[in-house]
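*Asks:* In my numbering, the protein residues as written are 93 to 498. A virtual CB, placed ideally from N, CA and C, is assigned to each residue, including glycine.
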Ligand code: CTP
């Protein structure tokens with residue numbers, strides 16, 4: 093099932109060079125399963141032709157409140173009545189000012205004012221020069237539209253079309269898409285602080301070598317994203333992987349199991365949910381050589397001694413025991429065989445209420461997975477699906493357990 097299947101989005105473009113990004117955004121929304129109705133202000137049509145947006149959205153574009161195509165001649169009413177959301181991208185300083193004051197002198201502003209406020213949420217992706225962005229009038233207007241119920245997305249920072257550098261760029265199309273998808277997810281973890289570990293750890297032998305494992309981090313990153321979509325504050329302690337950070341998630345990069353342990357212990361006091369997905373290396377070399385270990389000509393490998401790494405999940409679960417506040421701990425089990433028995437035993441060993449089993453070799457590096465949720469009462473399977481879909485199901489399950497107090 094596509095993320096925006098069944099959603100009808102009114103995509104409104106106001107004037108700005110960022111209009112060129114809205115063509116791509118329109119495609120992405122449609123690819124994600126939405127139907128898109130484009131509305132353009134007169135200024136937007138200076139930057140992008142309605143022909144392009146019509147071809148991409150497969151629907152005639154609306155630009156004027158006097159458009160005679162609608163039998164009732166009321167485009168400003170009709171356009172939002174079937175919509176699930178109205179997204180203004182780019183939202184110029186001018187259109188934000190109009191919204192803040194309830195002005196309605198063109199189709200775009202008129203349509204926003206005439207929309208059913210509760211039923212049709214308004215998402216705003218601002219785009220403007222950095223001075224315009226910083227101007228107190230713009231910031232005041234943004235505060236006002238947010239108070240009036242609009243969902244104001246952030247802006248990017250960097251080189252601007254005018255040659256200046258700073259805040260005010262419109263978010264990239266894929267970032268806006270993620271924001272829209274996230275907006276529609278149920279906010280079952282609002283108010284929660286979720287701490288997630290993800291990826292492998294790397295245990296250095298010398299400056300150029302080390303031991304690690306095949307974990308890609310994808311499941312943990314998907315869980316961090318799903319928790320964020322569900323409204324939680326999310327901190328992701330990530331081992332060495334090059335995956336992009338999910339939007340809105342605070343990422344802390346670590347290398348070794350000891351680094352991960354320290355970082356997790358530092359973040360635990362603020363967390364209300366801890367989800368340990370990382371494939372932490374069980375052992376590390378007792379000492380790390382400061383220089384590259386060279387072959388000595390004997391034909392014999394160097395002798396390496398290993399020591400066990402701390403068990404991060406077990407240590408967190410243990411340290412929370414008996415405390416008045418509740419930290420809900422969830423473990424993962426990467427197994428190669430006997431999933432149910434191993435996961436049950438691991439749940440007890442780690443002292444956590446919920447342990448999620450998966451077959452490591454079947455999922456490492458892949459985009460899909462199958463999960464087995466093991467708790468005190470038994471086991472429940474989440475059948476093979478994309479990691480993001482499974483992550484959303486797992487988050488919904490955890491939220492439900494927390495609500496039910498189990
Ligand atoms: N874990 C951890 N710290 C470790 C080892 C594991 O926090 N040093 C966590 C993992 O993130 C996962 C759970 O414990 O949530 C189980 O990890 P797994 O690698 O499956 O099991 P191990 O505890 O390492 O046991 P074994 O290797 O014997 O299966």
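(1) Give the secondary structure of residue 353 by DSSP, where H, G and I count as helix, E and B as strand, and everything else as coil.
(2) Taking only the alpha-carbon atoms, compute the straight-line gap between residue 463 and residue 306 and give it to the nearest angstrom.
(3) Can you give the Cα-Cα distance for residue 155 and residue 202, rounded to whole angstroms?
(4) From residue 94 to residue 106, what does the alpha carbon distance come to, in whole angstroms?
(5) Compute every distance between the C-beta of residue 372 and the non-hydrogen atoms of the ligand CTP, then say whether any falls below 7 Å.
(6) Sort out for me which residues DSSP pairs residue 278 with in a bridge.
(7) From residue 138 to residue 278, what distance separates their C-alpha atoms?
(8) With DSSP collapsed to three states, give me the class of residue 130.
(9) Indicate whether residue 248 and residue 261 have their beta-carbon atoms separated by less than 8 Å.
(10) What residue range does the alpha helix (DSSP H) around residue 193 cover?
(11) From the DSSP secondary-structure annotation, give me the bridge partner or partners of residue 460.
(12) At what residue ranges does the segment 195 to 240 contain a whole run of the alpha helix (DSSP H), taking only runs of 4 or more?
(13) Whose C-beta lies closer than 7 Å to the C-beta of residue 136 among residues of the same chain, with five residues either side of it excluded?
(14) Under the three-state reduction of DSSP, which class applies to residue 168: helix, strand or coil?
(15) Where does residue 247 fall in DSSP's three states?
(16) When the distance is taken between beta carbons, is residue 367 closer than 8 Å to residue 286?
(17) Going by DSSP, what residues sit across from residue 398 in a beta bridge?
(18) Could you check the C-alpha separation between residue 303 and residue 332 for me, to the nearest Å?
(19) How many angstroms separate the CA atom of residue 397 from the CA atom of residue 258?
(20) Could you check if residue 400 is buried or exposed, using at least 16 other CB atoms within 10 Å of its CB as the buried criterion?
(21) List the residues that DSSP assigns as beta-bridge partners of residue 292.
(22) Taking DSSP as the reference, what is the three-state secondary structure of residue 182?
(23) Excluding the five sequence neighbours on either side, which residues of its own chain have a C-beta within less than 6 Å of the C-beta of residue 100, listed in chain order?
(24) What number of angstroms, rounded off, separates the C-alpha of residue 350 from the C-alpha of residue 196?
(25) With DSSP run on the structure shown, which of helix, strand or coil describes residue 345?
(26) Identify whether residue 315 lies in helix, strand or coil by the three-state DSSP scheme.
(27) The alpha helix (DSSP H) that contains residue 118, what's its start and end?
(28) Considering Cα atoms alone, identify which of 386, 103 and 188 is closest to residue 150.
(29) If you follow the beta strand (DSSP E) that residue 301 is in, where does it begin and where does it stop?
(30) So what's residue 467 in DSSP terms, helix, strand or just coil?
(31) Under 8 Å between the Cβ atoms of residue 289 and residue 369?
(32) Please report the straight-line C-alpha distance between residue 317 and residue 269, rounded to a whole angstrom.
(33) So, for residue 170: in the same chain, excluding its five sequence neighbours on each side, which residues have a beta-carbon less than 8 Å away from its beta-carbon?
*Replies:* On the basis of the supplied data:
(1) helix
(2) 18 Å
(3) Here the C-alpha atom of residue 155 lies approximately 11 Å from the C-alpha atom of residue 202.
(4) The C-alpha of residue 106 is placed about 28 Å away from the C-alpha of residue 94.
(5) yes
(6) Paired residues: none, contrary to the question.
(7) 38 Å
(8) strand
(9) It is a contact, given that the beta carbons lie within the stated cut-off.
(10) Run containing residue 193: 185 to 193, per the alpha helix (DSSP H) assignment.
(11) 478
(12) 199 to 206, 222 to 226 and 228 to 239
(13) 105, 106, 107 and 111
(14) helix
(15) coil
(16) Yes, the pair counts as a contact, with Cβ atoms nearer than the cut-off.
(17) 377
(18) Straight through space, the alpha carbons of residue 332 and residue 303 are spaced by roughly 12 Å.
(19) 51 Å
(20) exposed
(21) 371
(22) strand
(23) 127, 174, 175 and 176
(24) 59 Å
(25) strand
(26) If DSSP states are grouped into helix, strand and coil, residue 315 belongs with the helices.
(27) 111 to 123
(28) 103
(29) 301 to 303
(30) strand
(31) Cβ atoms of residue 289 and residue 369: closer than 8 Å.
(32) 14 Å
(33) So the list reads 162 and 164, once near-sequence residues are dropped.
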